[in-house]
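Residue 32 is where the sequence shown starts when you use the numbering used here, and the numbers rise one by one after that. For glycine and all other residues, C-beta sits at the position ideal for the given N, C-alpha and C.
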Amino acid sequence: MRRGQVLSVHPLSRVNVSSAPTSDAGPAAVSAVMMPLSGAVLLIACLNIANMLLARASVRRKEIAIRLALGGGRARIVRQLLTESLMLAAIGAAAGLAVGSWTARFFIASVVPLLPTPLQLEWRPDLNVIVATTAFAVLSALAFGLAPALKISRPDLVDDLKDLGNVRPAGRRFGTRAWLVVGQIALSLMLMTAGGLFARGALKAGASDPGYRYEGLLLASIDSSLAGYDEAGGRMRLRDALDRLRRMPGIADVGASSQVPFGERHESRWVVRPGQRGDARVTPTYTVVTGGYFKALGLPIVRGRDFTAVEETSPSAALVAIIDEPLARRLFPNQDPLGEQLVTPPRPGVRPAADNEPMSIVGIVPGIRDWVTDRDPAPHLYVAAGSHYRGVMNIHVRTAGGSDGELLTAIRRQLRAVDDRLPVVELRTMQDFHDRGLVLWVIRAAGRTLIGLGMLALLLAAVGVYGLKSYVVSQRTHEIGIRLALGARPADIARLLFLDGARMTMIGLAIGFPLAVMLGRLLSAEFFDTDSFDPIVLTLAPLVLAAAAALATYLPARHGMRISPLDALRTE
């Protein structure tokens, strides 16, 4: 730590992948999407339970009518039915906590190997989570169990005591229970679309172009400060390491930088042109680099030149900088930046105020992306390692062919030859560094979670369709027998039942599709390369849901067409 810098310490209750660990912006953005979608799954489950309770209410009409006729109070019956709903909610909450515990352990086990600092993370039951789960379970049971309880406790005593439920006309085919299933289908389509869009976005993020070639690029990170070296000792060992690696066979280019594109940490600085007001400042990514860094990454010098050997090694060299094209457009619109000067004004708590001398721009390079979530390259300011020291440096090695494994082993030997006390904190291919990045893990984990929610919603919707159609078949058994006795074919019965289910499915899809498109726009506005109108997802999600609903409708319909007319006519 240098004189004049301020160290700020904050407690962290979570692992944060943000460049500002005290910021809640990242977790808030993820929570803003995950919590409503999780609530949608809960709503689908509640609609399913409400449908089941309404079906049970129809079956128990005679039982409830007898109890009321014998003097049983309505309040007592409602209380009993709500108790049954609470029992279902308690079982569901317990199962949810068990699954949540397993899921948390799985995520912890998968993220720990990717953390930049070795940590031991343990999952422990959280009282707030348990209380919230219990509260949601109780509220859900009361909200969706009360209506069926009130309905069943207000029967038609004469008809229900005669138990005429199966011989009265069918009446409305598209009643409350059908609309509940329609709601499940609409919400399921929305969730499946969200999961598909997020999964497609995660795939794009994994294959995203950072603006440079990381194929054939190796990464070796060293930390001189961790070994106890001062600035002079650290500079000497970095220079020795670069010289040794540049002389290795099979190596094309070598350069070092203070941070890695697509890494977990990025330093930034305020930058203005001399004489400009403070509100005109830009905050680019600030990277200390050596000569050869841009060649190693495959970034051409668009205009100007690279840093010289003197600028790379000498603290007394002239202050120079290389900027990228996005920063040039921001600070020098319609102007030639070469030869112009930049100033990095003081930033309290980050850098000493004395470090405020102008830097001359000597080169311009293409822009690159810092994060996999960046839509466009961010502005970058590159300064020479000679005049700006960093104890931790990342050496980028562009190979000229050969086995990556053998070259990594040879690089480790060369770094050990520099100083066997020099910590090598990172040594792998850039492809592996990118694929195992913590930010990319978060994106993929969110994608898997949303896919899981979508599949759960699909299962619940299919169960809801199957349950309703099975109930309809059982209630219309007598009617089916009459139709068969009057000459209807079994295929006609199956078609009648199947068309009822198809109508529910189509209405649900028609309601859910606009919701899915709106959700896609929300995800596109908040997260990386998510396409708000992905034709593949918006085609496959309705087709899969329609196929599941068709299967759930076909099974009860097949049972209905196999009913014996004699048995059906004997049904009361």
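key: Touching by the beta-carbon criterion (3+ pairs, under 8 Å), the segment 281–290 and the segment 445–455   = As far as the Cβ criterion goes, the segment 281–290 does not touch the segment 445–455, which means the pair count is below three.
message = Any contact between the segment 65–75 and the segment 103–112? By contact I mean 3 or more CB pairs, one from each, below 8 Å.
response = These segments do not touch.
request  = Identify the continuous beta strand (DSSP E) that holds Ala251 and give its terminal residues.
outcome  = Taking the first residue of the sequence shown as position 1, residue 251 is located at position 220. From DSSP, the beta strand (DSSP E) with Ala251 extends over 248–254.
task = Kindly list the residues whose CB is nearer than 6 Å to the CB of Ser299, restricted to its own chain and excluding five residues on each side of it in sequence; keep chain order.
result = Position 268 of the sequence shown, counted from the first residue, corresponds to residue 299. The residues are Thr314, Thr316, Tyr317.
message = Spatial neighbours of Val494 within its chain, please: C-beta separation below 8 Å, excluding the five flanking residues on both sides.
response = Residue numbering aside, residue 494 sits at position 463 when the sequence shown is read from its first letter. Closer than 8 Å at Cβ, skipping near neighbours: Asn79, Ala583.
key: Beta-carbon proximity check, Leu249 vs Leu458, cutoff 9 Å   = On the sequence shown, residue 249 is found 218 positions in, with the first residue counted as 1. On the sequence shown, residue 458 is found 427 positions in, with the first residue counted as 1. Their beta carbons are under 9 Å apart, which means Leu249 touches Leu458 by this criterion.
query = Excluding the five sequence neighbours on either side, which residues of its own chain have a C-beta within less than 6 Å of the C-beta of Gly329, listed in chain order?
reply = Taking the first residue of the sequence shown as 1, we reach residue 329 at position 298. If you ignore the 5 residues before and after Gly329, its C-beta comes within less than 6 Å of the C-beta of Tyr243, Arg244, all in its own chain and listed in chain order.
key: Close Cβ partners of Arg400 (< 6 Å) along its chain, the five nearest in sequence each way excluded   = Locating residue 400 in the sequence shown gives position 369, counting from the first residue. Non-local beta-carbon contacts of Arg400 in its own chain, meaning distances under 6 Å to residues more than five positions away in sequence, involve Pro241, Gly242, Pro408 in chain order.
ask   = Mind checking whether Ile594 and Ile511 have CB atoms under 9 Å apart?
value = The residue you call residue 594 lines up with position 563 of the sequence shown. The residue you call residue 511 lines up with position 480 of the sequence shown. For Ile594 and Ile511, yes; Cβs fall inside 9 Å.
inquiry  = Measuring straight from C-alpha to C-alpha, what distance separates Ala263 and Val303?
reply    = Numbered from its first residue, the sequence shown carries residue 263 at position 232. Numbered from its first residue, the sequence shown carries residue 303 at position 272. Cα to Cα, the separation comes out at about 30 Å.
task = State yes or no: is the C-beta of Val393 within less than 9 Å of the C-beta of Leu362?
result = The count along the sequence shown starts at 1 and reaches residue 393 at position 362. The count along the sequence shown starts at 1 and reaches residue 362 at position 331. Against a cut-off of 9 Å, the Cβ pair of Leu362 and Val393 comes out as no contact.
request  = Determine the DSSP secondary structure at Met279, reduced to helix, strand or coil.
outcome  = What you label residue 279 is simply residue 248 of the sequence shown in a count that begins at 1. Coil at Met279, not helix or strand.
Assigned secondary structure, Tyr260 (DSSP; H/G/I helix, E/B strand, else coil) = Taking the sequence shown and counting its residues from 1, the one referred to as residue 260 is at position 229. Looking at Tyr260 - three-state DSSP - the assignment turns out to be coil, as it is neither helix nor strand.
task = Assess, as a yes-or-no matter, whether the segment 533–551 is touched by the segment 212–229 under the definition of 3 or more beta carbon pairs within less than 8 Å.
result = Segments in contact, yes.
request  = Using 10 angstroms around the beta-carbon of Pro573, count the other beta-carbons present and answer buried if the total reaches 16, otherwise exposed.
outcome  = Locating residue 573 in the sequence shown gives position 542, where the first residue counts as 1. Buried, by the Cβ-count rule.
message = I'd like the span of the alpha helix (DSSP H) that includes Arg107, first residue to last.
response = For the purposes of this step, residue 107 is taken as residue 76 along the sequence shown, with counting starting at 1. Per DSSP, the continuous alpha helix (DSSP H) segment holding Arg107 begins and ends at 105–142.
Candidates Gln215, Thr430, Ser256, Leu439: closest to Met535 by CA position = What you label residue 535 is simply residue 504 of the sequence shown in a count that begins at 1. The option with the nearest alpha carbon to Met535 is Gln215.
key: Cβ separation of Gly422 and Asp355, assumed to be a contact under 8 Å, to the nearest whole Å   = As a working note, residue 422 is residue 391 in the sequence shown. As a working note, residue 355 is residue 324 in the sequence shown. In this structure Gly422 is not in contact with Asp355, their Cβ atoms being roughly 25 Å apart against a cut-off of 8 Å.
message = Would Val319 and Val414 be called neighbours here (beta carbons separated by less than 9 Å)?
response = Working through the sequence shown from its first residue, we reach residue 319 at position 288. Working through the sequence shown from its first residue, we reach residue 414 at position 383. Contact annotation: Val319 and Val414 have beta-carbon atoms nearer than 9 Å.
key: Rounded straight-line distance, which links the Cα of Tyr324 to that of Thr53   = In the sequence shown, the residue the question calls residue 53 occupies position 22. In the sequence shown, the residue the question calls residue 324 occupies position 293. Residue confidence is low: Thr53 scores 45 on pLDDT, short of 50, so the model does not pin down where it sits. Its coordinate-derived value is still stated next. Whole-angstrom Cα-Cα distance: 31 Å.
inquiry  = Suppose the cutoff is 7 Å on Cβ atoms and the five residues either side in sequence are ignored; what does the same chain contact list for Leu586 look like?
reply    = Taking the sequence shown and counting its residues from 1, one reaches residue 586 at position 555. Closer than 7 Å at the Cβ level, and outside the excluded window around Leu586, lie Tyr497.
query = Which word fits Thr134, buried or exposed, when buried means at least 16 other C-beta atoms lie within 10 angstroms of its C-beta?
reply = In the sequence shown, counting from the first residue as 1, residue 134 sits at position 103. For Thr134, the number of other beta carbons within 10 angstroms of its own is below 16, and it is reported as exposed.
ask   = Per DSSP, what kind of secondary structure is Asp284 in: helix, strand or coil?
value = In the sequence shown, counting from the first residue as 1, residue 284 sits at position 253. Strand.
ask   = Does at least one heavy atom of the ligand FAD sit under 8 Å from the Cβ of Ala578?
value = Although the ligand FAD was asked about, the structure shown includes no ligands whatsoever.
request  = Name the two residues that bound the continuous beta strand (DSSP E) containing Val351.
outcome  = For the purposes of this step, residue 351 is taken as the residue at position 320 of the sequence shown. Per DSSP, Val351 belongs to the beta strand (DSSP E) from 351–355.
Same chain, Cβ closer than 7 Å to Ala140, five either side skipped, listed in chain order = Translated into the one-based positions of the sequence shown, residue 140 becomes position 109. Taking Ala140 as the centre and dropping the five residues before and after it, the same chain places no C-beta closer than 7 Å to its C-beta.
message = Measuring alpha carbon to alpha carbon, tell me which residue in Gly127, Ala125, Leu84 is nearest Glu115.
response = As a working note, residue 115 is residue 84 in the sequence shown. Among Gly127, Ala125, Leu84, the Cα nearest to that of Glu115 belongs to Leu84.
ask   = In three-state terms, what does DSSP make of Arg268?
value = As a position in the sequence shown, residue 268 is number 237, starting the count at 1. In the structure shown, the three-state DSSP call for Arg268 is helix.
Rounded separation between Ala172 and Ala125 - CA only = Counted from its first residue, the sequence shown places residue 172 at position 141. Counted from its first residue, the sequence shown places residue 125 at position 94. Using only the alpha carbons, I get a separation of about 14 Å.
key: Assumed close pair Ala441, Met267 - CB separation to whole angstroms, cut-off 8 Å   = Along the sequence shown, read from residue 1 onward, the residue named residue 441 stands at position 410. Along the sequence shown, read from residue 1 onward, the residue named residue 267 stands at position 236. By a beta-carbon distance limit of 8 Å, Ala441 does not contact Met267. Their separation comes to about 22 Å.
ask   = Measuring CB to CB, does Lys500 end up less than 9 Å from Ala588?
value = As a first step, residue 500 is located in the sequence shown; it is residue number 469 there, counting from the start. As a first step, residue 588 is located in the sequence shown; it is residue number 557 there, counting from the start. Yes, the Cβ-Cβ distance between Lys500 and Ala588 is below 9 Å.
ask   = Helix, strand or coil: which one does DSSP assign to Gln290?
value = Numbered from its first residue, the sequence shown carries residue 290 at position 259. Coil at Gln290, not helix or strand.
request  = Assign Leu457 to one of three DSSP states: helix, strand, or coil.
outcome  = The sequence position of residue 457 within the sequence shown is 426, counting from 1. Sequence inspection shows Glu at residue 457; the Leu mentioned does not correspond to that position. Glu457: strand per DSSP, three-state reduction.
query = Are Ile482 and Leu273 closer than 9 Å when you measure CB to CB?
reply = Position 451 of the sequence shown, counting from 1, holds the residue named residue 482. Position 242 of the sequence shown, counting from 1, holds the residue named residue 273. No, the Cβ-Cβ distance between Ile482 and Leu273 is not below 9 Å.
inquiry  = Using DSSP's beta-bridge definition, name the partner residues of Arg334.
reply    = On the sequence shown, position 303 is the one that residue 334 refers to. According to DSSP, which records beta bridges pairwise, Arg334 is partnered with Ile395.
Exposure of Ile161, with buried meaning 16 or more beta-carbon neighbours within 10 Å = For the purposes of this step, residue 161 is identified with residue 130 of the sequence shown, where counting begins at 1. Ile161 comes out exposed.
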